[in-house]
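All the letters of the sequence shown, read from the start, carry residue numbers 406 to 784 under the working numbering. Written below as structure tokens is the structure these notes are about.
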Amino acid sequence: MANVNRTPGKTRRAEVAGGGFAGLTAAIALRQNGWDVRLHEKSSELRAFGAGIYLWHNGLRVLEGLGALDEVLQGSHTPPTYETWMHNKSVSKETFNGLPWRIMTRSHLHDALVNRARALGVDIRVDSEAVAADPQGRVTLQSGEVLEADLIVGADGVGSKVRDSIGFKRDRWVSKDGLIRLIVPRMKKQLGHGEWDNTIDMWNFWPRVQRVLYSPCNENELYLGLMAPAADARGSSVPIDLEVWVEMFPFLEPCLIEAAKLKTARYDKYETTKLDSWTRGKVALVGDAAHAMCPALAQGAGCAMVNAFSLSQDLEEGSSVEDALVAWETRIRPITDRCQALSGDYAANRSLSKGNMFTPAALEAARYDPLRRVYSWPQ
Ligand SMILES: Cc1cc2nc3c(=O)[nH]c(=O)nc-3n(C[C@H](O)[C@H](O)[C@H](O)COP(=O)(O)OP(=O)(O)OC[C@H]3O[C@@H](n4cnc5c(N)ncnc54)[C@H](O)[C@@H]3O)c2cc1C
Numbered sequence: 406m407a408n409v410n411r412t413p414g415k416t417r418r419a420e421v422a423g424g425g426f427a428g429l430t431a432a433i434a435l436r437q438n439g440w441d442v443r444l445h446e447k448s449s450e451l452r453a454f455g456a457g458i459y460l461w462h463n464g465l466r467v468l469e470g471l472g473a474l475d476e477v478l479q480g481s482h483t484p485p486t487y488e489t490w491m492h493n494k495s496v497s498k499e500t501f502n503g504l505p506w507r508i509m510t511r512s513h514l515h516d517a518l519v520n521r522a523r524a525l526g527v528d529i530r531v532d533s534e535a536v537a538a539d540p541q542g543r544v545t546l547q548s549g550e551v552l553e554a555d556l557i558v559g560a561d562g563v564g565s566k567v568r569d570s571i572g573f574k575r576d577r578w579v580s581k582d583g584l585i586r587l588i589v590p591r592m593k594k595q596l597g598h599g600e601w602d603n604t605i606d607m608w609n610f611w612p613r614v615q616r617v618l619y620s621p622c623n624e625n626e627l628y629l630g631l632m633a634p635a636a637d638a639r640g641s642s643v644p645i646d647l648e649v650w651v652e653m654f655p656f657l658e659p660c661l662i663e664a665a666k667l668k669t670a671r672y673d674k675y676e677t678t679k680l681d682s683w684t685r686g687k688v689a690l691v692g693d694a695a696h697a698m699c700p701a702l703a704q705g706a707g708c709a710m711v712n713a714f715s716l717s718q719d720l721e722e723g724s725s726v727e728d729a730l731v732a733w734e735t736r737i738r739p740i741t742d743r744c745q746a747l748s749g750d751y752a753a754n755r756s757l758s759k760g761n762m763f764t765p766a767a768l769e770a771a772r773y774d775p776l777r778r779v780y781s782w783p784q
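Structure representation (structure tokens):
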């Protein structure tokens with residue numbers, strides 16, 4: 406394979422802005438391929454926000470490629486089924502024909518990636534905010550420092566300064582629904598009789614639109630996603646309004662009481678960002694900076710990790726960094742675009758409430774295997 410972007414004896418350098426799942430994946434994958442990598446995180450510590458997360462076959466394969474899968478599998482959970490309820494009655498139980506999937510706390514996933522990045526010698530700087538970048542391969546920090554590199558990765562999230570400083574054309578919109586995300590103790594015994602190891606996607610349309618995505622992360626931790634329209638003042642209020650949630654989901658009362666104690670809870674609307682391009686010269690955008698999507702299909706981080714990992718693959722094959730980035734976007738972006746569109750459509754129509762909605766199209770991104778570069782789960 407052609408690899409003329411390397412000058413013999415010179416180690417290629419990447420500056421990565423953002424220490425979320427996308428930035429850490431890019432940093433580890435590049436480092437594994439011999440790059441010198443510096444990762445800039447604007448916060449004073451590396452930490453994940455947002456309670457729990459679903460990862461599917463595609464994201465799990467990335468973790469395997471990064472050497473972080475074993476750590477993630479310990480302390481995470483694959484439910485026997487993804488069950489959907491409407492008005493507290495089961496309407497479907499999906500098992501995805503054995504397609505691997507997993508639920509975990511965000512901190513668990515983040516810690517595993519940070520540990521791997523540190524073990525490989527990624528130079529991690531906290532309190533280091535990127536404020537601008539240019540296509541020639543320079544990134545400017547809040548401190549005024551300007552760093553030059555062969556590659557700049559903008560993984561600085563939905564409000565990306567790297568992206569906005571360069572001027573990509575973008576569409577951005579927010580959904581009508583949003584989610585309060587919380588981690589509470591499992592308390593299986595207090596919930597009484599039931600299949601409490603399942604994911605249970607509990608929908609109610611009457612008397613109000615309210616949904617609980619009940620997601621066990623491990624033996625001790627439960628991820629609750631409480632969905633309500635932004636227009637519903639009580640459903641979207643934080644700390645949660647215990648009365649409106651217990652009224653609709655009385656059997657979850659022990660967990661909801663714990664949830665109501667969490668004063669730092671946040672209600673987030675779903676944002677979607679679509680760009681004309683993910684690259685300019687030596688700058689590549691990955692993750693929410695490039696393609697924030699509605700979480701209906703739970704693929705924002707999964708796609709981000711696949712794309713960040715795939716970037717490192719294409720950089721080994723391109724004739725120059727600039728050409729490799731163009732080839733990368735051409736190769737990998739269509740999967741994310743289709744997933745983003747369908748996820749947005751599902752969120753707008755609340756389609757998951759019907760049950761049995763993990764169709765082959767809905768699972769396309771999940772079935773992709775970034776290590777072998779094929780859909781390796783053909784069902
Ligand atoms: C309600 C909800 C549920 C979701 N559920 C799932 C799910 O189950 N499965 C899934 O795959 N995806 C899910 N997602 C999507 C997923 O959370 C995101 O796609 C993913 O976290 C994006 O990662 P990221 O690294 O691109 O961005 P972020 O997680 O936003 O990380 C960006 C990082 O960069 C830092 N930063 C920001 N600006 C700068 C700067 N200028 N310089 C340096 N550092 C900076 C931030 O502090 C942060 O650490 C969900 C999203 C939502 C809203």
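Ideal Cβ placement from N, Cα and C applies to all residues, glycine included.
For residue i, the nearest candidate out of the options (CA to CA)
i           : options               : result
residue 681 : 729, 716 and 735      : 735
residue 415 : 732, 678, 555 and 660 : 555
residue 445 : 762, 705, 528 and 722 : 528
residue 619 : 708, 480, 707 and 599 : 599
residue 562 : 774, 739, 710 and 763 : 710
residue 684 : 731, 707, 647 and 659 : 731
residue 429 : 764, 495, 548 and 451 : 451
residue 454 : 670, 580 and 581      : 670
residue 748 : 688, 677, 519 and 739 : 677
residue 422 : 592, 436 and 447      : 447
residue 441 : 673, 633, 764 and 522 : 522
residue 571 : 577, 686 and 743      : 686
residue 639 : 594, 660, 656 and 585 : 585
residue 725 : 542, 549 and 467      : 542
residue 466 : 714, 752 and 579      : 714
residue 785 : 660, 613 and 612      : This structure cannot settle anything about residue 785, because the visible part of the chain is limited to 406 through 784.
residue 578 : 644, 491, 696 and 595 : 696
residue 679 : 658, 626, 741 and 729 : 741
residue 612 : 633, 656, 767 and 666 : 633
residue 431 : 484, 675 and 712      : 712
residue 692 : 745, 644 and 656      : 745
Any non-hydrogen atom of ligand 1 closer than 8 angstroms to residue i Cβ
i           : result
residue 704 : yes
residue 737 : no
residue 458 : yes
residue 714 : no
residue 700 : yes
residue 622 : no
residue 617 : no
residue 573 : no
residue 675 : yes
residue 584 : yes
residue 527 : no
residue 447 : yes
residue 566 : yes
residue 742 : no
residue 501 : no
residue 763 : no
residue 481 : no
Cα-Cα separation between residue i and residue j, rounded to whole angstroms
i           : j           : result
residue 719 : residue 772 : 20 angstroms
residue 701 : residue 760 : 13 angstroms
residue 779 : residue 474 : 20 angstroms
residue 663 : residue 553 : 49 angstroms
residue 525 : residue 471 : 10 angstroms
residue 547 : residue 565 : 14 angstroms
residue 435 : residue 592 : 42 angstroms
residue 503 : residue 608 : 25 angstroms
residue 482 : residue 517 : 15 angstroms
residue 538 : residue 568 : 8 angstroms
residue 557 : residue 717 : 12 angstroms
residue 635 : residue 582 : 5 angstroms
residue 574 : residue 588 : 37 angstroms
residue 666 : residue 647 : 10 angstroms
residue 739 : residue 728 : 18 angstroms
residue 621 : residue 652 : 22 angstroms
Cβ of residue i within 9 angstroms of any chain C Cβ
i           : result
residue 679 : This model lacks chain C altogether, as it is built from one protein chain only.
For residue i, the residue or residues it bridges with in DSSP
i           : result
residue 498 : 488
residue 633 : 583
residue 620 : 628
residue 676 : 579
residue 557 : 420 and 688
residue 482 : 508
Hey, which unbroken runs of the alpha helix (DSSP H) at 4 residues or more fall wholly within the stretch 434–487? DSSP runs (the alpha helix (DSSP H)) wholly in the stretch 434–487: 462–471 and 474–478.
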